[in-house]
C-alpha cells in the first residue's frame, strides 16, 4: 500500500537520464463523477459502487451511482443524458454496447464532461482512460485454466480427453467479454486441440438473471454430454449454476466456471455445484475508475507511460489502448488503459476470506 498522496501538492516523476522533475497535480477534491454500471441490482456492480463510495469519501469527491435495472444500450443512453443534464464533472461507465452508447458519450464530451470507462470499454475515441481488469490474453487464459483445474479435480484428463465445452455469457456486443472468449479460444486451440466447442455461436443471456437460468437449462438440454461450461459474465455464471442445481447436477457431473463476485457464488460452492471460479477486486476497480475520471476532469494531463498515484490504492501506469484491443490507436494525451494489478481464484478454501 502506498503512502497517502495529498492532492494538489507537488509530485515527482523520473525523466530520461534518471533526473527527477516536479509537476503540479491538480486536486480531484470537489469533483462529481457519475458512476454508471451495465445494470443495477447485480452483485458485481453493487460491490463496485460500494468500493467507489468508500474511497470517494477519503478523496473528497462525490460519486453518483446512476444506472438502470435493465441492461441495454437505450437504457444506458438515457442514464448518460441524465448525467449530462445533472452537470457532473465526469462519467465513468461500464458499457453494454460500445457502439450503442457512442453518440451519447460524444455528447457528454462536447458538454465538457470527462468520460472514462471501467469493466467494459467504450470505443477508444469516445473516452479518456479505461480501468481494465486485465488483458484479453490474461483473462482468457485464466478462464480456461480454471476449467482445466476443475476438470482434473473431477477425474478428467484435459490434455488427453476429448472435452466438450461451450461459452455462456451476456451478449455479442460486450467488448470485454468477447475479447476474453476470443483469447480463450485461441489458448484452447493451441494447448488443448482435442477439445470440441459444441456451440461455436455461444450462448447469450443478456445479463438478465432469469434468462441466465433459462439459457443455462437450454445448454444442458442441448448437450447432455457436455463437460465444461465457461461463463465469462457475472450474471451468466450464477444462472448456469442454478440451472445445473435444478437439474440435480454437481461439480462431479459437470464443470462450470467463470467470473463473478464471491458472494454471488458461495452458496453454489457450498452446495457442491462447482469447484472454483474467479474475479478481481471490483471494489478497487470501481474506485480506480472514479478516481482517474476525476483526475482527468480536474485538468491533469497524462500520456502512455505516465504514472498516476491513487491515494489509498497505489501507483498505476497508463498503457496504450492496444494492450486490451488489438490494433486500437491511442491519442497523444489523456487516452489509454490502466490495468488492475491482480486477479483472484475462489474456492471453498478461501471464498469466505472475501466479502463483495
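In our numbering, the protein residues as written are 636 to 991. Ideal placement from N, C-alpha and C gives every residue a C-beta, glycine not left out.
query	result
Cβ neighbour criterion (16 or more within 10 Å) applied to residue 673	buried
Where residue 659 sits in the DSSP three-state scheme	In this prediction, residue 659 scores a pLDDT of 38, lower than 50, which makes its location untrustworthy; no coordinate-derived value is stated.
Residue 996 burial status per 10 Å Cβ neighbour count (16 or more: buried)	The question about residue 996 has no answer here: the residues shown for the chain are numbered 636 through 991.
Whole-angstrom distance between residue 922 and residue 916, CA atom to CA atom	10 Å
Neighbour-count burial assignment, residue 752, 16 or more Cβ in a 10 Å radius	buried
Residues that residue 950 bridges to, as DSSP identifies them	944
Runs of alpha helix (DSSP H) lying entirely within the segment 760 to 790, each at least 4 residues, in chain order	771 to 788
Coarse secondary structure for residue 980, derived from DSSP in three states	strand
Rounded C-alpha distance that separates residue 769 from residue 746	31 Å
Stretch pair the segment 846 to 858 + the segment 705 to 720: three plus CB contacts closer than 8 Å	no
Alpha-carbon to alpha-carbon, residue 727 and residue 792	43 Å
Identified DSSP bridge partners for residue 974	767
Residue nearest to residue 702 in terms of C-alpha spacing, selected from 680, 824, 880	680
Beta strand (DSSP E) runs wholly inside the segment 853 to 912, at least 3 long, in chain order	863 to 866, 890 to 893
Candidates 836, 814, 759, 811: closest to residue 800 by CA position	836
Beta-carbon contacts of residue 927 that lie in its chain and below 7 Å, excluding the five residues immediately before and after	751, 764, 766, 943, 973
The segment 776 to 785 contacting the segment 888 to 901, beta-carbon criterion three pairs below 8 Å	yes
Chain-order list of residues whose beta-carbon lies under 6 Å from that of residue 776 (same chain, five-residue window excluded)	822
Between the CA atoms of residue 904 and residue 887 - distance to the nearest angstrom	12 Å
Separation of residue 778 from residue 918, as counted between CA atoms	21 Å
Any 3 or more C-beta pairs closer than 8 Å across the segment 862 to 873 and the segment 842 to 851	yes
Residue 657 versus residue 876 - alpha carbon distance	Any reading at residue 657 must be qualified, since the residue scores a pLDDT of 31, below 50, and its modelled position is unreliable; the value itself is stated next. Each residue's alpha carbon lies about 53 Å from the other.
7 Å CB neighbourhood of residue 1001 in its chain, flanking five on each side removed	The chain is shown from 636 up to 991; residue 1001 falls before or after that span and cannot be answered.
7 Å CB neighbourhood of residue 884 in its chain, flanking five on each side removed	none
Option in 987, 982, 990, 960 with minimal Cα separation from residue 773	960
Ordered list of alpha helix (DSSP H) runs contained in the segment 673 to 706, each at least 4 residues	678 to 694
Whole-Å CB distance - residue 729 paired with residue 933, under 8 Å assumed	About 22 Å separates the two Cβ atoms, so there is no contact after all.
Assigned exposure category for residue 755 - 16 Cβ within 10 Å defines buried	buried
DSSP three-state assignment for residue 798, whether helix, strand or coil	coil
Residue 808, enclosing beta strand (DSSP E) - first and last residue	Segment: none, residue 808 is in no beta strand (DSSP E) and carries neither H nor E.
Reference residue 721, options 906, 900, 670, 795, closest by Cα	670
Nearest-angstrom Cα separation, counted from residue 908 out to residue 901	10 Å
According to DSSP, residues forming a beta bridge with residue 670	700, 727
Which residues DSSP lists as bridging residue 751, in chain order	727
Through-space distance from residue 700 to residue 896, alpha-carbon basis	19 Å
Span separating the alpha-carbon of residue 975 from that of residue 760	21 Å
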